[in-house]
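**Student:** The structure follows.
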Amino acid sequence: MPEVQIAASVLSCDFGNLERELAAVSTADLLHLDIMDGHYVPNLSFGQPLIARISELSDLPLDAHLMVTNPADHIDILADLGVKMFSFHQECEHHVHRLVQRIKDRGMQAGIALNPAVPVSTLDCILPDLDYVLLMSVNPGFSGQKFIPSVFAKIKTLKEMIKRQDLPVRIEVDGGVTAENAAALISAGVNILVSASYIFGSKNYAAAISGLRGL
Ligand code: DX5
Ligand code: ZN
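Letter by letter, the sequence shown follows residues 8 to 222 of the numbering used here.
The following block contains the structure:
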């Protein structure tokens with residue numbers, strides 16, 4: 008099976024025991040940070056102080072997923088905190104191309120996140136500028152939701168678009184990922200799997216991470 012990266016989403020961790028929780032997911036490849044503003048999505052998550060602490064406590068690269076109406080306002084803050092990957096939902100930004108360049112200028116990888124009902128054709132004009140695309144396989148806002156299988160058709164189309172243009176763009180899938188659907192997602196060509204509840208809801212986080220890798 009092709010190699011996949013596992014991004015542990017801290018949204019489902021026990022924030023009262025952050026140090027222990029982060030140590031327990033150290034075998035993941037990335038830490039996924041779901042930043043929610045209570046406007047773009049009907050939920051609030053966490054901001055700068057907690058991300059600063061997370062970045063002190065973990066050596067894993069930080070993958071920020073912005074579910075906010077004003078992603079541009081967070082670029083400098085997150086870059087200063089050492090975030091490596093920055094994705095945003097394109098409907099939140101009028102000037103998508105400029106925002107992508109600003110993210111890259113601050114040394115971060117730029118990604119666009121697509122909700123389940125947004126087709127990959129909306130990326131036609133920006134795909135060559137992206138480092139990755141985040142395909143939502145649940146509606147954004149909460150962990151612990153059920154996987155929406157129509158993402159498989161989007162992975163296939165996106166894979167073809169990437170191949171046709173011979174681009175180094177990676178595909179990240181986020182929402183409802185478990186050891187049951189991970190193998191099919193990896194076979195479909197997904198490069199990064201995000202998981203919150205499957206990892207943090209299991210007894211042994213390292214075993215859950217291995218399970219997602221198909222090991
Ligand atoms: C949902 C977030 C996801 C979430 C995934 O809005 O973007 O990253 O944490 O949670 P699970 O893996 O439980 O579906
Ligand atoms: Zn996410």
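Just so you know, even glycine gets a beta-carbon here, dropped at the ideal spot from N, CA and C.
Taking 6 Å as the limit, tell me which residues put their C-beta closer than that to any heavy atom of ligand 2, in chain order.
**Tutor:** Those residues are SER16, HIS39, ASP41, HIS72, ASP181, VAL201, given in chain order.
**Student:** Short of 7 Å in beta carbon distance, which residues of its chain neighbour ALA189, apart from the five on each side in sequence? Order them along the chain.
**Tutor:** For the purposes of this step, residue 189 is taken as the residue at position 182 of the sequence shown. For ALA189, where only same-chain residues beyond five positions count, the Cβ hits under 7 Å are LEU200, LEU219, GLY221.
**Student:** State yes or no: is the C-beta of VAL145 nearer than 7 Å to some heavy atom of ligand 1?
**Tutor:** Within the sequence shown, the letter at position 138 stands for residue 145. Within the cutoff, so yes.
**Student:** Is it right to say GLN22 is buried, meaning 16 or more other beta carbons lie within 10 angstroms of its own, or is it exposed?
**Tutor:** Translated into the one-based positions of the sequence shown, residue 22 becomes position 15. The identity of residue 22 in the sequence shown is Phe, whereas the question assumes Gln. PHE22 comes out exposed.
**Student:** Please indicate yes or no: does the CB of SER150 lie closer than 7 Å to some heavy atom of ligand 1?
**Tutor:** The count along the sequence shown starts at 1 and reaches residue 150 at position 143. Residue side-chain check: SER150 places its Cβ nearer than 7 Å to a non-hydrogen atom of ligand 1.
**Student:** Rounded to whole angstroms, what is the Cα-Cα separation between GLN172 and ASP131?
**Tutor:** By 1-based counting over the sequence shown, the position of residue 172 is 165. By 1-based counting over the sequence shown, the position of residue 131 is 124. Taking the straight line joining both Cα atoms gives about 11 Å.
**Student:** Tell me whether MET74 counts as near ligand 1, meaning its Cβ is closer than 7 Å to at least one heavy atom of that ligand.
**Tutor:** Here residue 74 refers to the residue found at position 67 of the sequence shown. Checking every heavy atom of ligand 1 against the Cβ of MET74, one is found closer than 7 Å.
**Student:** Please classify PRO147 as buried or exposed, where buried requires at least 16 other C-beta atoms within 10 Å of its C-beta.
**Tutor:** If you number the sequence shown from 1, residue 147 lands on position 140. Result: buried.
**Student:** Leaving out five residues on either side along the sequence, give the residues of the same chain with a beta carbon under 6 Å from the beta carbon of GLY151.
**Tutor:** As a position in the sequence shown, residue 151 is number 144, starting the count at 1. So the qualifying residues of the chain are SER204.
**Student:** Using 7 Å as the cut-off, classify the Cβ of VAL184 as near or not near the heavy atoms of ligand 3, replying yes or no.
**Tutor:** Inclusion of ligand 3 in the displayed structure is not the case, the ligand content consisting of ligand 1 and ligand 2 alone.
**Student:** Quick test of the definition: if touching needs 3 or more C-beta pairs under 8 Å, does the stretch 30 to 39 touch the stretch 161 to 175?
**Tutor:** No, they do not touch.
**Student:** So for GLU10, helix, strand or coil by DSSP?
**Tutor:** Position 3 of the sequence shown, counted from the first residue, corresponds to residue 10. GLU10: coil per DSSP, three-state reduction.
**Student:** Looking only at DSSP bridge pairs, what is ARG1 linked to?
**Tutor:** As shown, the chain starts at 8 and ends at 222. That puts residue 1 outside it, with no answer to give.
**Student:** Check whether the Cβ atoms of ASP70 and MET92 lie closer than 8 Å to each other.
**Tutor:** As a first step, residue 70 is located in the sequence shown; it is residue number 63 there, counting from the start. As a first step, residue 92 is located in the sequence shown; it is residue number 85 there, counting from the start. Their beta carbons are under 8 Å apart, which means ASP70 touches MET92 by this criterion.
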